[in-house]
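Enquirer: Using the numbering used here, you'd call the opening residue of the sequence shown number 1 and step up by one each time.
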Amino acid sequence: MPTANSEVLSSGSVAATTMQAAVYKGSSVVEVDTVPVPEIGAGEILIRVETCGICPTDLKKIAYNLLPGPRIFGHETAGVVAEVGTGVTRYKPGDRVIVFHHIPCGQCFYCKRKLYAQCPVYKRVGVTAGYEPAGGGFAQYVRAMDWIVERGVEKIPPGVSFDQACFVEPVNTCLKGIKQIDPQPDDVVAILGQGPVGLIFTMIVARDGATVLATDTMPGRREFACRFGAEEAFDPRQGGLEKAAMQRTEGRGVDVVIVAASAPGIVEQAVRCSRPGARILLFAQTSHQERIEVSGASICMEERTLCGAYSASVDLQKESAELVFSRALPVEDLISHRYPLSQIHEGIERALHPADGSLKIVVQPQR
Ligand SMILES: [Zn+2]
Ligand SMILES: [Zn+2]
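Structure, rendered in structure tokens:
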């Protein structure tokens, strides 16, 4: 079994014309198939995928059949440049890279206002393993299109594993949320939900000096939260958070809340444990069906700010890469399971039904 660090130098052309890929067929069905290796054009690169994280947003699209098949998901991709198209000078075969699948145009109404995730070009997926572009990381090779090669690829420094590197995209999305609520070192921050994303929030916020109070229903995840810098972690069903929040703030409530899980009543809990004027970030409320009920006065009279953040920011690409590549954030420790493509079903099942002992799940398509 090759290690996550195995460095295989490419000759610059891929001998194989077919590869293995986990193809989403529609109706929540994923099948591992033999498909053509994508062909690249001018300005594009082909990347041999070494590690790709399984992300809840992909799982949601599969479980709820939100997009028609066939398509190949997977967007937390780290690998090796296998081929470069004409005109590509910044990358060469053998370079170890991570790739962002969404990159904004930089020119439009939304880009001018730094709302990159709303940019029409950003919404177009620029990395594919075939079919309708959808990230493609659950395959052995992906093709990065020209506007992605221009601004959406970062080289992985020597000594950093592909497993560590595949976290650059999720760390970027967390960092983007954190910039919105801007926790200060003397703030008390409640982080609700300590799955892989909640734990990344905990790592970053605690590292910047704020006091973190975490919640999760799973004891193992609460333990991780404390290991990664949370002051205390609570079972949200037992009321400990509200009590600790008041105790630590002279009865005011926490200054900032990050809602990193979706559960009935969780935003209401964020309001309840926070002080007037608190900033509350909704990070996991991605369903149009989800309803939130808070009193108008808790926002208006008590002057709380509710904000949302979704997906990555190109402005934070270097900073997120640096946080991951420097190992300032021990994100690789979040990986609980690694699967070859042939066992991706097990990985998806496990990710869909989180249990204590499972955290971040990655696919290693070259195994
Ligand atoms: Zn993701
Ligand atoms: Zn734009």
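Cβ atoms here follow ideal geometry from the backbone N, Cα and C, with glycine treated the same way.
1. According to DSSP, which residues form a beta bridge with Gly79?
2. Check this for me: beta carbons of Gly137 and Gly195, under 8 Å apart or not?
3. Output yes or no for whether 8 Å exceeds the beta carbon distance between Val171 and Ile191.
4. Identify, in the order they occur along the chain, each residue of the same chain with its Cβ nearer than 7 Å to the Cβ of Glu242, setting aside the five sequence neighbours on each side.
5. Evaluate Arg237 with the Cβ neighbour count: other Cβ atoms within 10 Å of its Cβ, from every protein chain shown; 16 or more gives buried, anything less gives exposed.
6. In or out: Asp58 buried (at least 16 other Cβ within 10 Å) or exposed?
7. Can you round the beta-carbon distance between Val23 and Val35 to whole angstroms, since I take them to be within the 8 Å contact cut?
8. Note down the Cα distance separating Ala263 from Phe201, rounded to an integer number of angstroms.
9. State the DSSP-derived secondary structure class of His337, mapped to helix, strand or coil.
10. Rounded to whole angstroms, what is the Cα-Cα separation between Ile62 and Leu359?
11. Could you tell me the boundaries of the alpha helix (DSSP H) in which Glu56 lies?
12. With DSSP as the reference, identify every bridge partner of Met19, one or two as the case may be.
13. Hey, quick one: how far does the beta strand (DSSP E) through Arg215 stretch, first residue to last?
14. Tyr116: buried (16+ other C-beta within 10 angstroms of its C-beta) or exposed?
15. In three-state DSSP terms, what is Tyr24?
16. Hey, how far is the Cα of Gln364 from the Cα of Pro340?
17. What span of residues does the beta strand (DSSP E) with Ser274 cover, start to end?
18. Starting from the N-terminal side, write out each stretch of the alpha helix (DSSP H) that is 4 residues or longer and does not extend beyond the segment 306-362.
19. Enumerate, from N- to C-terminal direction, the unbroken beta strand (DSSP E) stretches of 3 or more residues contained entirely within the segment 133-203.
20. Taking just the CA atoms, how far does Thr211 sit from Leu281?
21. At a cut-off of 7 Å, is Gly106 close to ligand 2 when judged by its beta-carbon and the heavy atoms of the ligand?
22. Following the continuous beta strand (DSSP E) through Ile258, name the residue where it begins and the one where it ends.
23. Just the Cα atoms here: how many angstroms apart are Arg151 and Ala230?
24. Would you check if there are 3 or more beta carbon pairs closer than 8 Å linking the segment 312-326 to the segment 159-178?
25. I'd like to know whether the C-beta atoms of Val37 and Gln20 end up nearer to each other than 8 Å.
26. Does ligand 2 have a heavy atom nearer than 7 Å to the CB of Tyr110?
27. Say yes only if the C-beta of Cys55 is nearer than 7 Å to one or more non-hydrogen atoms of ligand 2, and no if none qualify.
28. Can the beta-carbon of Lys123 be found less than 8 Å from the beta-carbon of Pro70?
29. Rounding to the nearest angstrom, what Cα-Cα distance links Arg350 and Ser298 in this structure?
30. According to DSSP, simplified to helix, strand and coil, what is Val84?
31. Using CA atoms only, rank isn't needed, just tell me which of Ser311, Gly296, Tyr310 is closest to Arg304.
32. By DSSP, does Arg71 sit in helix, in strand, or in coil?
Expert: Walking through what the data contain:
1. Locating residue 79 in the sequence shown gives position 79, counting from the first residue. For Gly79, the beta-bridge partners assigned by DSSP are Val49, Val97.
2. On the sequence shown, residue 137 is found 137 positions in, with the first residue counted as 1. On the sequence shown, residue 195 is found 195 positions in, with the first residue counted as 1. No, they are not a contact pair.
3. Numbered from its first residue, the sequence shown carries residue 171 at position 171. Numbered from its first residue, the sequence shown carries residue 191 at position 191. No.
4. Numbered from 1 along the sequence shown, position 242 holds the residue referred to as residue 242. Sequence-distant partners of Glu242 (beyond 5 residues in either direction) whose C-beta falls short of 7 Å from its own C-beta, in its chain, are Arg272, Cys273.
5. Residue 237 sits at position 237 when you count from the first residue of the sequence shown. Around the Cβ of Arg237, a 10 Å sphere holds fewer than 16 other Cβ atoms; the residue is exposed.
6. For the purposes of this step, residue 58 is taken as residue 58 along the sequence shown, with counting starting at 1. Per the 10 Å Cβ criterion, buried.
7. As a first step, residue 23 must be located in the sequence shown, where it is residue number 23. As a first step, residue 35 must be located in the sequence shown, where it is residue number 35. Between the beta-carbon of Val23 and that of Val35 there is about 7 Å, and that keeps the pair under the 8 Å contact cut.
8. Here the question's residue 263 lines up with position 263 in the sequence shown. Here the question's residue 201 lines up with position 201 in the sequence shown. Straight through space, the alpha carbons of Phe201 and Ala263 are spaced by roughly 18 Å.
9. One-based indexing of the sequence shown puts residue 337 at position 337. Three-state DSSP puts His337 in a strand.
10. Reading the sequence shown from its first residue, position 62 is the one you call residue 62. Reading the sequence shown from its first residue, position 359 is the one you call residue 359. Looking at the two C-alpha atoms, the distance is approximately 19 Å.
11. As a position in the sequence shown, residue 56 is number 56, starting the count at 1. According to the sequence shown, residue 56 is Pro rather than Glu. In the DSSP assignment, Pro56 falls within the unbroken alpha helix (DSSP H) covering 56-63.
12. In the sequence shown, the residue the question calls residue 19 occupies position 19. Among the bridge pairs identified by DSSP, Met19 is matched with Val35.
13. Start at 1 with the first residue of the sequence shown, and residue 215 comes out as number 215. With the sequence shown as reference, residue 215 is identified as Thr, and Arg is not the correct amino acid for it. Taken as a continuous stretch (DSSP letters only), the beta strand (DSSP E) holding Thr215 covers 211-215.
14. Position 116 of the sequence shown, counted from the start, is the residue given in the question as residue 116. When all chains shown are included, Tyr116 counts as buried.
15. Your numbering for residue 24 matches position 24 in the sequence shown. Strand at Tyr24.
16. In the sequence shown, counting from the first residue as 1, residue 364 sits at position 364. In the sequence shown, counting from the first residue as 1, residue 340 sits at position 340. If you take the alpha carbons of Gln364 and Pro340, they lie about 5 Å apart.
17. Position 274 of the sequence shown, counted from the start, is the residue given in the question as residue 274. Segment 274-282, the beta strand (DSSP E) holding Ser274.
18. List check, alpha helix (DSSP H) in window: 317-325, 344-352.
19. Qualifying beta strand (DSSP E) stretches, in chain order: 141-144, 153-155, 188-192.
20. Stepping through the sequence shown from its first residue, residue 281 is reached at position 281. Stepping through the sequence shown from its first residue, residue 211 is reached at position 211. Computed Cα separation, rounded: 16 Å.
21. In the sequence shown, counting from the first residue as 1, residue 106 sits at position 106. In terms of side-chain proximity, the C-beta atom of Gly106 is found nearer than 7 Å to a non-hydrogen atom of ligand 2.
22. Start at 1 with the first residue of the sequence shown, and residue 258 comes out as number 258. In the DSSP assignment, Ile258 falls within the beta strand (DSSP E) that extends over 254-259.
23. Taking the first residue of the sequence shown as 1, we reach residue 151 at position 151. Taking the first residue of the sequence shown as 1, we reach residue 230 at position 230. Cα atoms of Arg151 and Ala230: separation of roughly 35 Å, rounded to the nearest angstrom.
24. With a cut-off of 8 Å on Cβ pairs, the segment 312-326 is in contact with the segment 159-178, counting three or more such pairs.
25. The sequence position of residue 37 within the sequence shown is 37, counting from 1. The sequence position of residue 20 within the sequence shown is 20, counting from 1. Annotated as distal: Val37 and Gln20, with beta-carbon spacing of 8 Å or more.
26. Working through the sequence shown from its first residue, we reach residue 110 at position 110. At a cut-off of 7 Å, the beta-carbon of Tyr110 counts as near ligand 2: some heavy atom of the ligand is closer than that.
27. Here residue 55 corresponds to residue number 55 of the sequence shown, with the count starting at 1. No.
28. As a first step, residue 123 is located in the sequence shown; it is residue number 123 there, counting from the start. As a first step, residue 70 is located in the sequence shown; it is residue number 70 there, counting from the start. Between Lys123 and Pro70, the gap from beta carbon to beta carbon reaches 8 Å or more.
29. Against the sequence shown, residue 350 aligns to sequence position 350. Against the sequence shown, residue 298 aligns to sequence position 298. One C-alpha to the other measures close to 38 Å.
30. Counting from 1 along the sequence shown, the entry for residue 84 is found at position 84. If DSSP states are grouped into helix, strand and coil, Val84 belongs with the strands.
31. Working through the sequence shown from its first residue, we reach residue 304 at position 304. Taking only the C-alpha atoms, the option nearest Arg304 is Gly296.
32. For this step, residue 71 is matched to residue 71 along the sequence shown. In the three-state DSSP reduction, Arg71 falls in the strand class (E or B).
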